[in-house]
Amino acid sequence: MKLHERIRYEPITERKPLKLPDDARVVVWTIVTVEVWDPSGPLPRQVLSAPGGQRWQPDVPNWCWSEYGARVGYWRMKKILDEFGIKATLCINAAVCDHYPQIVASAREADWEFMGHNLVQKPMHLMEDERQAIHDT
15 MKLHERIRYE
25 PITERKPLKL
35 PDDARVVVWT
45 IVTVEVWDPS
55 GPLPRQVLSA
65 PGGQRWQPDV
75 PNWCWSEYGA
85 RVGYWRMKKI
95 LDEFGIKATL
105 CINAAVCDHY
115 PQIVASAREA
125 DWEFMGHNLV
135 QKPMHLMEDE
145 RQAIHDT
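The numbering of the sequence shown is my numbering, which starts it at 15 and goes up by one.
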């Protein structure tokens, strides 16, 4: 099925107004992402540019940003979301379940929704076997 066959075209000028609960005017979808990155390969994103313009492997400085998020950042965000009674969606690689089980358990206890993407964080468009990646995940 082609994408344009899945989503019917409907210009905003012909749509009925969207009615939100309690007459709210804005919807916010809170997504907290936790990823497992393999530092032995090229990382999908660089927060810190490589010294001398050369990408190093392992890319420890950029890998550390991910580790900081799992060790500190997630827990700070979780505390604030809990204080305001906000249920988020936890967007994770499947490997997060093994690497950071406390994060998964805390999100489950808080009745968060889960969104999965890949086994570990890497460029999806470079995968050789998409079906195998989905199966592994």
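C-beta atoms are modelled at their ideal positions from N, C-alpha and C, and glycine is treated no differently. These figures come from a predicted structure and were not determined experimentally.
Top-ranked residue by Cα proximity to residue i, from the options
i       : options                         : result
Asp-52  : Thr-44, Ile-45, Val-74          : Val-74
Ile-45  : Ala-109, Gly-130, Pro-72        : Gly-130
Val-41  : Thr-47, Leu-32, Val-48          : Leu-32
Tyr-82  : Asp-112, Val-48, Ala-119        : Val-48
Asn-107 : Glu-144, Arg-39, Val-50, Pro-25 : Val-50
Trp-126 : Glu-142, Cys-111, Ile-100       : Ile-100
Ala-102 : Thr-27, Ala-124, Pro-72         : Ala-124
CA-to-CA distance, residue j to residue i, given in whole angstroms
i       : j       : result
Tyr-114 : Lys-136 : 18 Å
Lys-16  : Tyr-23  : 13 Å
Asp-150 : Ile-117 : 21 Å
Phe-98  : Lys-92  : 10 Å
Ser-54  : Pro-35  : 47 Å
Phe-128 : Met-138 : 19 Å
Leu-140 : Lys-30  : 41 Å
His-18  : Ala-147 : 26 Å
Arg-85  : Trp-43  : 23 Å
Asn-132 : Asp-96  : 27 Å
Asp-37  : Ser-120 : 31 Å
Strand pairing of residue i, partner residues [DSSP]
i       : result
Thr-103 : Ile-45, Glu-127
Trp-51  : Gln-135
Outcome for residue i when other beta-carbon atoms lying within 10 angstroms are tallied against a minimum of 16
i       : result
Leu-104 : buried
Trp-89  : exposed
Val-110 : buried
Ser-80  : buried
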